[in-house]
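Below: one structure, written as structure tokens.
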Amino acid sequence: MEIIIKSNYREVSESASEYLLNIVKNKPNAVLGLPTGSSPIGMYKIIVDEYKKGNVSFENVKTFNLDEYMGLDRNNDQSYYYFMNENLYSHVNLKPENINIPNGMAEDISHESI
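Sequential numbering of the sequence shown, starting at 1187, is according to our numbering.
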């Protein structure tokens, strides 16, 4: 494991986005596990900027998020799906069928967590 230490949030965001962008550029069908919360927002902004500049495509990328609030619809502004859509999904060319995030409204929670 490599631990990378940066001086501030901007440097962390730049380093993390560079790492992720290199993965996608070198493996266009990459499978990514993506974080939520306030920490990755800077990284997502840089990734979106690079996509808008034409420097990367997410057309064949698959994404996974581990978390979702049970009982929240994906359009609820407190859901993790909503967060990811606002910060990344709706700004790049990810195919909806390649976005994997638990359904907070699933009737069978056990099945949804598999």
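Virtual Cβ for every residue (Gly too), placed ideally from N, Cα, C.
Bear in mind that the values here come from a model prediction, so they are computed numbers and not experimental data.
Report back the beta-carbon spacing between residue i and residue j to the nearest angstrom; my notes put them in contact at under 8 angstroms.
i               : j               : result
leucine 1207    : isoleucine 1233 : 6 angstroms
tyrosine 1266   : tyrosine 1275   : Not confirmed; about 11 angstroms, so no contact.
methionine 1182 : leucine 1220    : Lying before the first or after the last residue shown, residue 1182 is absent from the chain, which here runs from 1187 to 1300.
valine 1247     : asparagine 1212 : Contact doesn't hold; Cβ gap of about 12 angstroms is too wide.
Helix, strand or coil: how does DSSP classify residue i here?
i               : result
valine 1234     : helix
histidine 1198  : Residue identity differs from the one stated: residue 1198 is valine in this sequence, not histidine. Looking at valine 1198 - three-state DSSP - the assignment turns out to be helix.
isoleucine 1190 : coil
glycine 1290    : coil
lysine 1281     : coil
Kindly list the residues whose CB is nearer than 8 angstroms to the CB of residue i, restricted to its own chain and excluding five residues on each side of it in sequence; keep chain order.
i             : result
arginine 1196 : Gly1228
With a CB to CB cut of under 6 angstroms and the five nearest residues on each side skipped, what residues in its chain are close to residue i?
i             : result
tyrosine 1230 : Asn1273 and Leu1274
alanine 1202  : Met1229
Compare the Cα-Cα distances from residue i to each of the options and report the closest residue.
i            : options                               : result
leucine 1238 : Gly1223, His1277, Phe1250 and Asn1289 : Here the sequence assigns lysine to residue 1238, which means leucine is not the residue at that position. The option with the nearest alpha carbon to lysine 1238 is His1277.
glycine 1290 : Leu1258, Asn1284, Ile1190 and Asn1279 : Leu1258
Please confirm if residue i has its CB atom under 8 angstroms from at least one CB of chain C.
i               : result
asparagine 1273 : Chain labels in this structure do not include chain C; a single protein chain is all it has.
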